[in-house]
Amino acid sequence: MAHPKRKISKQRRDKRRTHYKAIAPQIATCPTTGEAHLYHRAHWHEGKLYYRGQVLIDNSEVEENLA
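Structure, rendered in structure tokens:
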């Protein structure tokens, strides 16, 4: 098994970790509904699933038919 020959100093370890940063998620606004959502993600709005401004699933029609 591989073992380090020398101890890695705290400074060297921390220099390597400087790139691991938490970034804030990018928020997009739907052109159809004006709803804020994450980029490249579908989102629900008033019983409909939207992606790129188009309706993918419409649960409001399903609920009306069941009632």
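If you use the working numbering, the sequence shown closes out at 378, no skipped numbers anywhere.
Cβ atoms here follow ideal geometry from the backbone N, Cα and C, with glycine treated the same way.
### Message
Which of the three DSSP states is assigned to K359 in this structure?
### Response
strand
### Message
Quick check on the burial criterion: 16 or more other C-beta atoms within 10 angstroms. Buried or exposed for Y361?
### Response
buried
### T340 versus K332 - alpha carbon distance
25 Å
### Query
How close, in whole Å, do the beta carbons of G358 and P342 come, if the pair is a contact with beta carbons under 8 Å?
No, G358 and P342 are not in contact; Cβ-Cβ is about 19 Å, not under 8 Å.
### Query
Using CA coordinates, which residue listed in K318, I319, R352 is at the minimum distance from P336?
R352
### Message
Please report the distance separating the alpha-carbon of S320 from that of A313.
### Response
18 Å
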